[in-house]
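Here the structure comes first, spelled out in structure tokens, and everything after it is commentary.
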Amino acid sequence: MRAFVKRTIALGLAVLLAFPLSGCWNRKEINNIMIVLGAGIDVLPDGNVELTAQFFSPSASGGGTPSTSSPQSGASSSPGQTLVQSASGKTLAQAIDHLQKKSPRLLFWGHNKILMLGEAAAKRGVEAETDFFLRYSQTRERTRVIVCKGTAKEVLGIPPSYVISSVLGILNMVEQKFQIDRTLKDLAEGLLGESKAIALPYLDVGLDNKGKRNVEYFQGSALIKNGRMVGQLGNETSKGLLWAEGHSRWIEVSIEEPDGGGSIELSVTNSSAGLKPRIERGVWKFNIDIRANLYVIQNSTAWKLDNPLVLQQLERQINREIQQQIEETVRQLQKKNVDAFQMAQEFHRSYPREWKQAKGRWDEIFPELEVSATVHSRILRTGMANRPS
Amino acid sequence: METSKLSALQLMLLLFITVFTTAEFVVPAPTALHAGSDMWFAPIWSIPAGIIACGLAYRLHRLYPGQNVMEFLPQLLGKIPGKLVGLLIVVSNLQIASLVLREYVEYIMGSFLDSTPMIVIAATVILVCAYAVHGGVEVLGKCSLIFVPLAVITLFVTLLFLLPDLEVRNALPFMENGPFPSITGSYVSQGWLSELWVATFFLPFLPARSRPLRAMVGTVFVTVLSLVLINSVSLFLFGVLTKELNYPILVAVRYVSYTNFIEHMEAAGMAVWVLALILKLSVFYYASVVSTARLFSLPNYQPLTLPIGGVIMTTALFLFPNRETMAKFLSTEAPVIFLSSNILLPLLLWVIAEIRRKPAGKGAPSS
Chain A
49 MRAFVKRTIA
59 LGLAVLLAFP
69 LSGCWNRKEI
79 NNIMIVLGAG
89 IDVLPDGNVE
99 LTAQFFSPSA
109 SGGGTPSTSS
119 PQSGASSSPG
129 QTLVQSASGK
139 TLAQAIDHLQ
149 KKSPRLLFWG
159 HNKILMLGEA
169 AAKRGVEAET
179 DFFLRYSQTR
189 ERTRVIVCKG
199 TAKEVLGIPP
209 SYVISSVLGI
219 LNMVEQKFQI
229 DRTLKDLAEG
239 LLGESKAIAL
249 PYLDVGLDNK
259 GKRNVEYFQG
269 SALIKNGRMV
279 GQLGNETSKG
289 LLWAEGHSRW
299 IEVSIEEPDG
309 GGSIELSVTN
319 SSAGLKPRIE
329 RGVWKFNIDI
339 RANLYVIQNS
349 TAWKLDNPLV
359 LQQLERQINR
369 EIQQQIEETV
379 RQLQKKNVDA
389 FQMAQEFHRS
399 YPREWKQAKG
409 RWDEIFPELE
419 VSATVHSRIL
429 RTGMANRPS
Chain B
21 METSKLSALQ
31 LMLLLFITVF
41 TTAEFVVPAP
51 TALHAGSDMW
61 FAPIWSIPAG
71 IIACGLAYRL
81 HRLYPGQNVM
91 EFLPQLLGKI
101 PGKLVGLLIV
111 VSNLQIASLV
121 LREYVEYIMG
131 SFLDSTPMIV
141 IAATVILVCA
151 YAVHGGVEVL
161 GKCSLIFVPL
171 AVITLFVTLL
181 FLLPDLEVRN
191 ALPFMENGPF
201 PSITGSYVSQ
211 GWLSELWVAT
221 FFLPFLPARS
231 RPLRAMVGTV
241 FVTVLSLVLI
251 NSVSLFLFGV
261 LTKELNYPIL
271 VAVRYVSYTN
281 FIEHMEAAGM
291 AVWVLALILK
301 LSVFYYASVV
311 STARLFSLPN
321 YQPLTLPIGG
331 VIMTTALFLF
341 PNRETMAKFL
351 STEAPVIFLS
361 SNILLPLLLW
371 VIAEIRRKPA
381 GKGAPSS
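So the sequence lines, in the order shown, correspond to chains A and B. This note's numbering numbers the first residue of the first sequence as 49 and each following residue consecutively. This note's numbering numbers the first residue of the second sequence as 21 and each following residue consecutively.
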């Protein structure tokens, strides 16, 4: 009998234990929060920071709630499932506070995927924003950082096409490695590193088929030095950066016939890069070693690609082409004196003693650095057709 | 005392988790600050501290079989000095237990439950530990068999998903400023490894024919290897940024995003970490309770469990005004205190024990 009573009490207590499982003070019910998908930062003319947040809008999401408008699927009929709100303040934290006070629910940052910096904000400086995002416990270090042309408010407000949120669309593009891919961690690491410089992907907005400005696409990269944007590189001149990343899957290489005839287009399937600093008799040199595998995707020349000797010749031309792309990027970076390859870090790693003496003079060394590229490319396949035969 | 027994494997797991579970959060940041790119191998310098702590616990165990440090102190030093040194050991155990609890509270509040009252976080975990401590060594040993593999495997499997993001070149330059920055950087992990001295409270429970020394030395190497792995992941992932992060390993776990599918791992990581922490806290909680009971020559330690738990909790809550004070303390004063109470004091005891044993031949008890 006593054992029975004891067991019943124990069972009752165990059931009671289930109640606090939902948490008490820190509970975040899904219907009490607004999920931030992307955050944009701009500078207003009066110097204040403007924060634009794109939220996931649960009302349009179909699914759970019985909605009368679209019984089949909410996603396809609605133009998107996001909501965009802005607020401003002297600092980012104040802007967030003001945004919170305008919002019916608590802002939830755990799913923030993108930090979009308007060009003006990037030019003013990114340190303060980086600090907030690294310090605050809800935000994640894998948040992608992107600089956009114009204001982030405008870019985040573009209605999404084909995806439920424009931020998620941009995230997909980032993950496909169309452009360099930088997370908050990369940015903070770059700002702290020896070169104090990093390149961030640069987003532009173009016209769609109806002539409206609402297609986001990556257009080269923004150069950050000492915490602020100091310049940018175009799509062509950014290619060197992509090669040095070693994951430039989507780069196209085009080899044109010298007499202006056709061209051979290739796509890179994978590539790897080795960065090798050298100091020879006091002269600082840097070599970027690229290995790339390619497929032929179009041929409008008279070259017979079924001939391995022809392919070898083509590979040599590709090597030269890639080499030129890298050298062009380096030339631009040296002109702007932004060490976006973070060569300084590499020198520090390989030549710690020399680096200690040259540390303060890196801004003078970098523009004069002898940078070379060695490329080993391999054409793996020429596709499903063999033309001209 | 209790008649329950502990196996050598259980002792090993218990000792391992005792050092590792808080070291994985406390060690990387201060090591990065001093050792820079040498931080990945810095924990190796703390092997001697671990071996000495284990060796002293083992040697004293051999000289006084079946007794923990509190029990042989009166024989070794005489009644009054024995009690005084005993008080020191009680205070040291209480201090470590409260520190562990406060670290837990700070970590949970700083990264997850920021608006939950401190006392709730502390009280819930101390109650669970009280239950384990009340159960005794056997409960702790059996818990270690379940919790430790779970915690360790979860952590390392999670970190495995970071492989594509790791940059091994961050380990260069190697010993840029000679070996000293890495030795300085290992200072904190040395303090942590000296905690292995707590084995003195568990050695008497081992079966007679077990070989605890081998298990303990094995623990030292496994712990150091784990710390090397943890530091390496921090360094290879964050490079120069490591020193600016309060909990590099937590951020590393949050950074996991594998094919957009395995993401947001920190909730799972935290859950198993709490399991491991309960073990560590229980170990020092148990040591505090047992040594207090011994200090006042009580026949049974169990009635003291809850009161001592209250002492640990209140001490933990009033120990520091904020996290920064705690972090400063953990990376500066704490290792000195740990090293003196876990290595210096046992070393003295051992020297006295050896001296007393030699001439008289009666100093050592007949067990």
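Beta carbons are placed, not taken as given, at the ideal position from N, Cα and C, and that holds for glycine.
- CA-to-CA, the gap between B/H81 and B/L367 works out to about 13 Å.
- Secondary structure remark: continuous beta strand (DSSP E) runs of at least 3 residues inside the stretch 289–335 of chain A, in chain order: 300–304 and 311–328.
- For A/L240, the nearest beta carbon of chain B is closer than 8 Å to its own beta carbon.
- Here A/V344 is bridged, per DSSP, to A/L314.
- Here B/A28 really is in contact with B/A235; their C-beta atoms are around 4 Å apart, less than 8 Å.
- Proximity of chain B to A/K233 at the Cβ level (cut-off 7 Å) is accounted for by F258, L261 and Y275, in chain order.
- Along the stretch 173–198 of chain B, the positions whose C-beta sits under 7 Å from a C-beta of chain A are R189, L192, P193 and E196, read in chain order.
- With distances taken between CA atoms, A/G268 lies nearest to A/D252 out of A/A236, A/D252 and A/V278.
- Per DSSP, the unbroken alpha helix (DSSP H) holding B/N113 starts and ends at K99 to S131.
- Where B/D58 is concerned, there is no enclosing alpha helix (DSSP H), because DSSP gives it neither an H nor an E.
- Listed along the chain, the chain B residues whose CB falls inside 9 Å of the CB of A/S185 are G130, S131, F132 and D134.
- Separation of A/A66 and B/S351 (C-alpha to C-alpha, rounded to the nearest whole angstrom) is 39 Å.
- Rounded to the nearest angstrom, the gap between the Cα atoms of B/T325 and B/I67 is 33 Å.
- Look at the stretch 384–396 of chain A: the residues with a C-beta under 9 Å from a C-beta of chain B are Q393, E394 and H396.
- Taking 8 Å as the cut-off, the Cβ atoms of B/P63 and B/N197 do not count as close.
- The criterion of a C-beta distance shorter than 8 Å is satisfied by B/A55 and B/P201.
- Taking 4 residues as the shortest admissible run, the stretch 265–290 of chain B contains the following complete alpha helix (DSSP H) segments, listed from N- to C-terminal end: 268–275.
- Among the CB atoms of chain B, one or more fall inside 8 Å of the CB of A/P400.
- Taking a beta-carbon distance threshold of 8 Å, A/N80 does not count as an interface residue toward chain B.
- The C-alpha of A/R190 is placed about 11 Å away from the C-alpha of A/G158.
- Under DSSP, A/R339 takes part in a beta bridge, and its partners are A/S320 and A/H424.
- Contacts with chain A at 8 Å (Cβ-Cβ) include B/E264.
- Between the alpha carbons of B/P94 and B/L192 lies a gap of roughly 53 Å.
- The criterion of a C-beta distance shorter than 8 Å is satisfied by A/I345 and A/S315.
- Taking CB atoms only, A/E189 has a neighbour in chain B less than 8 Å away.
- Counting only Cβ-Cβ distances below 8 Å, A/A236 has contacts in chain B at L261 and E264, in chain order.
- Assignment of A/D387 by DSSP, reduced to helix, strand and coil, places it in the coil class.
- B/L257 and A/D234 have their C-alpha atoms roughly 10 Å apart.
- Against A/N74, the close residues of chain B are F132, L133, D134, S135 and T136, in the order they occur along the chain (beta-carbon pairs closer than 8 Å).
- A distance below 7 Å between beta-carbons, with the five flanking residues on each side excluded, links A/V386 to the following residues of its chain, in chain order: A245, L271, K273, V278 and G279.
- The Cβ-Cβ distance between B/N88 and B/P232 does not fall below 8 Å.
- Within chain A, no residue has its CB atom less than 7 Å from the CB of B/V159, the nearest being about 18 Å off.
- Residue-level contact check: B/V271 touches chain A, since one or more beta carbons of chain A fall below 8 Å from its beta carbon.
- Excluding five sequence positions before and after A/I413, the CB atoms of its chain that fall closer than 7 Å to its own CB belong to W332 and A406, given in chain order.
- Ranking B/A143, B/I363, B/M195 and B/L180 by CA distance to the CA of B/I282 puts B/L180 first.
- Taking C-beta separations shorter than 7 Å and ignoring five residues to either side along the sequence, the partners of A/E305 in its chain run S311 and T349, following chain order.
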